[in-house]
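Participant:
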Amino acid sequence: MLANFTVEKIVNAIISTEGIAAFFGALGGALAAFFLEALRRWRAERVTQIAAGNEAIFALSQMYARAVGIYQQQFIDRAKFFREQEKRDPNYAEILPIEQGRTIIRIQLDRLGFLLRSHDPDLLNRLVTVDTHFDVLMQVIEKRNTTQVEWQKASATAIASHFLGQTIPFEILENLIGIDLSFRLKHMTEALQQQLPECAENLKTVGKQLTDALLWIFPTGRINSFIDSGRRIASPIPTNVLRPRLWRRMVRCIVKLARKPIMFH
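Note that my numbering has the sequence shown beginning at 973, numbered continuously upward.
(1) Measuring straight from C-alpha to C-alpha, what distance separates residue 1238 and residue 1007?
(2) How about residue 1033 and residue 1179: are their beta carbons less than 8 angstroms apart?
(3) May I ask which residues mark the beginning and end of the alpha helix (DSSP H) holding residue 1224?
(4) Does the beta carbon of residue 1019 come closer than 8 angstroms to any beta carbon on chain C?
(5) With distances taken between CB atoms, is the gap from residue 1183 to residue 1227 smaller than 8 angstroms?
(6) Which of helix, strand or coil does DSSP assign to residue 1080?
(7) So, is residue 1077 buried or exposed, given that buried needs 16 or more other C-beta atoms within 10 angstroms?
(8) Compute the beta-carbon to beta-carbon distance between residue 1065 and residue 1164, rounded to the nearest angstrom, for a pair I have assumed lies under 8 angstroms.
(9) Please go through the same chain and pick out, in chain order, the residues whose beta-carbon is closer than 6 angstroms to the beta-carbon of residue 1148, but skip the five residues on each side of it.
(10) Could you check what DSSP says for residue 1030 in three-state terms: helix, strand or coil?
(11) So which of 1009, 1021, 1010 has the shortest CA-CA distance to residue 1195?
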């Protein structure tokens, strides 16, 4: 009896005018709180994703500058010096150990998963490719520096033992040092000479593709621009990427027009 009376009382309270108003008021408040919390989370996630994208653009710019700088210093400037002073190109043993300088920021790939939901999901795969290529080249540089020091020590020993105070042909010096050590140093030097330009151009291409993609994903967001030194080397990375949907292009166009300063005459 008590249970039936309680249920009947609740039903009567709900179907009454005041009960209906209170019910829908509570429902409206709950829905408003739910949507406000969802909006807060969406905005927080958006801010985090924009920050991750901008950090990736900055990292790509730093990696590009590092690759271009090493190639310029070790292969372009070094060859120019030898042509002016020695009237010939330097051999692989005359390329000095490569100083990498301070540690640079790398791409945080685990923070860029939202790219898989974009109009160009393959962009994340291209980012992994250029990041891996850059990392491999940096490891080759470290190994080449060690091998270069070993080669120089072996060279000094060979010259002191066999040709003290004499000019020795490079081919003979290679044989005295050992084919294995000379081959490793030559192979790593040629690999860097061939792949550093390719790596730099790929970093530049993907950096600009990431900038464009972020502008479409976050048409009202503040997106950094990829910074490069203006050099251009042939690139195998494809440049014909997918275009975003029409509504994203329209929103981005409106935002660009709204942000353009008004000139008064």
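Just so it is clear, CB atoms sit at the ideal spot from N, CA and C, and this is done for glycine as well.
Facilitator: Put simply:
(1) In this structure the chain extends from 973 to 1237, so residue 1238 is not present and cannot be described.
(2) Contact: yes.
(3) Its alpha helix (DSSP H) spans residues 1218-1231.
(4) The structure shown has no chain C; it contains just one protein chain.
(5) Not closer than 8 angstroms, so no.
(6) Coil.
(7) Residue 1077 is exposed by the Cβ-count criterion.
(8) With a Cβ gap of about 14 angstroms, residue 1065 and residue 1164 do not count as contacting.
(9) So the list reads 1130, once near-sequence residues are dropped.
(10) It is helical.
(11) Residue 1021 is the option with its Cα nearest to residue 1195.
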